[in-house]
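**Q** Heads up: the sequence shown runs through residues -19 to -1, 1 to 248, numbered per mature numbering (1 follows the signal peptide of the UniProt record, and there is no 0).
Beta carbons: idealized from backbone N, C-alpha and C, even for Gly.
Next up is a structure, given as structure tokens.
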Amino acid sequence: MNASPLLLLFTLTTAPALAADYVGIVHARHKLSLSLPVTGIVAKVAVEAGQRVGAGQTLVQLDERPQALEEQRRRTQFEDQSELRATEERLKVVQPLAEDARKLAASRGALSREDAARNELDFIATRGRLAQLQVQKAREKLELQLAEADRQQRRLAAPVAGVVTKVGIDVGEWAKPGDTLVELVDASVLHLRVNIPAAVARKLKEGQALPVHIDGGEAVNGTISLVSPVTDAASGLVEVRVRFANTGGRIAAGSKGIVKLDGGATK
């Protein structure tokens, strides 16, 4: 017996949407090409490809002997507090003398105006010299900080923890600003980038749990970190990113990942 048109229409409209697999590429949280802002001769290469490094660890160091000497000169200059301390002590002596001289000058015949003025000028000059020295020390501190920063620019440090994947320079070679010296990857956290039809992507929310199946069989628990607000006009697809921890570094960046969602066709 043939089904009526109304029954057939009801069946089609109430049938659940078929699940579809969407394939994307797994990316590392950080994939960095590191360089220095200054030029110089490489004095030390402290790492090699495959080595795991911590954040802040020195990777490459340029010859910094002139900068080290300048930093030491600035530090010696700044730390010399002898004149400042002597002027502070002198002020402790001349200030009460000037105050006493004012009182005595106010008493008729107790102290000449010339002697009182001499004490007052000595106090004013000492106080002015102390202010001068204090400003000078503040300037010397800034100059020391600049010398330290100038020296630090000749050391390439890891901005994040990760694994060195490439070292592109050796000791004795000339490094130029902007040249990639070291490539570093932090794959402790990965994210799958996958393009999904807009109608399906609209059902997803940031923070939503979403399992990811890695090409090769392993499954991990991920969380949606991005549902792009932009739809590609040509394809009608929306970029979705799913973040997940890469415990033990088992999953390699560049692997294929698959998410299964209701609706749409296999991509």
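Using DSSP with H/G/I as helix, E/B as strand and the rest coil, what is Ile6?
**A** Translated into the one-based positions of the sequence shown, residue 6 becomes position 25. DSSP places Ile6 in strand when its eight states are reduced to three.
**Q** On the three-state DSSP scale, how would you describe Leu(-11)?
**A** As a working note, residue -11 is residue 9 in the sequence shown. Note that Leu(-11) has pLDDT 40, beneath the 50 cutoff, so the model's placement of it is unreliable and no number is given.
**Q** What residue from Val144, Asp81 and Glu129 has the CA that sits closest to Gly54's CA?
**A** Here residue 54 refers to the residue found at position 73 when the sequence shown is read from its first residue. Reading the sequence as shown, one finds Arg at residue 54 and not Gly. For Arg54, the nearest C-alpha among the options comes from Glu129.
**Q** If you run the structure through DSSP and keep just helix, strand and coil, what is Arg231?
**A** The count along the sequence shown starts at 1 and reaches residue 231 at position 250. Note: Arg231 maps to coil in three-state DSSP.
**Q** Let me know if Ala91 comes out buried or exposed under the rule of 16 or more other beta-carbons within 10 Å of its beta-carbon.
**A** Residue mapping note: residue 91 aligns to position 110 of the sequence shown, counting from 1. Classification for Ala91: exposed.
**Q** Can you give the Cα-Cα distance for Val181 and Val219, rounded to whole angstroms?
**A** The count along the sequence shown starts at 1 and reaches residue 181 at position 200. The count along the sequence shown starts at 1 and reaches residue 219 at position 238. Val181 and Val219: Cα-Cα distance of roughly 9 Å.
**Q** Looking at the structure shown, is Leu72 part of a helix, part of a strand, or coil, going by DSSP?
**A** As a working mapping, residue 72 is identified with position 91 in the sequence shown. It is helical.
**Q** Hey, could you find the ends of the beta strand (DSSP E) Leu218 is sitting in?
**A** The count along the sequence shown starts at 1 and reaches residue 218 at position 237. Start and end: Leu218 to Ala226.
**Q** Smallest Cα separation from Lys237: which of Val201, Thr161 and Asp243?
**A** Here the question's residue 237 lines up with position 256 in the sequence shown. Nearest C-alpha to Lys237: Val201.
**Q** Going by other Cβ atoms of all chains shown within 10 Å of its Cβ, with 16 needed for buried, is Leu127 buried or exposed?
**A** Position 146 of the sequence shown holds residue 127. Exposed.
**Q** Have a look at Glu121 and Phe59 and give me their C-alpha separation to the nearest angstrom.
**A** On the sequence shown, position 140 is the one that residue 121 refers to. On the sequence shown, position 78 is the one that residue 59 refers to. Taking the straight line from one Cα to the other gives about 5 Å.
**Q** Count the CB pairs spanning the region 188 to 201 and the region 226 to 234 that are closer than 8 Å, and state whether there are at least three.
**A** At 8 Å Cβ cutoff, the stretches touch.
**Q** Do you know how far the Cα of Asp167 is from the Cα of Val28?
**A** Within the sequence shown, numbered from 1, the residue matching residue 28 stands at position 47. Within the sequence shown, numbered from 1, the residue matching residue 167 stands at position 186. Looking at the two C-alpha atoms, the distance is approximately 16 Å.
**Q** So what does DSSP say about Arg54, is it helix, strand or coil?
**A** Position 73 of the sequence shown, counted from the start, is the residue given in the question as residue 54. In the structure shown, Arg54 sits in a helix (DSSP, three-state: H, G or I).
**Q** Using a threshold of 8 Å, state whether the C-beta atoms of Val34 and Ala142 are closer than that.
**A** Stepping through the sequence shown from its first residue, residue 34 is reached at position 53. Stepping through the sequence shown from its first residue, residue 142 is reached at position 161. In this structure, Ala142 lies closer than 8 Å to Val34 by Cβ.
**Q** Let me make sure I understand the geometry here. Which of Pro192, Leu125 and Glu51 has the alpha-carbon closest to that of Val4?
**A** By 1-based counting over the sequence shown, the position of residue 4 is 23. If we check each option's Cα against that of Val4, Pro192 comes out closest.
**Q** Span of the alpha helix (DSSP H) holding Leu62?
**A** Position 81 of the sequence shown holds residue 62. The question names Leu, but residue 62 in the sequence shown is Gln. It is not in any alpha helix (DSSP H) - Gln62 carries neither H nor E in the DSSP assignment.
**Q** Please report the straight-line C-alpha distance between Ala246 and His194, rounded to a whole angstrom.
**A** Here the question's residue 246 lines up with position 265 in the sequence shown. Here the question's residue 194 lines up with position 213 in the sequence shown. Because Ala246 carries a pLDDT of 41, less than 50, the predicted location of this residue cannot be relied on, and no value is offered for it.
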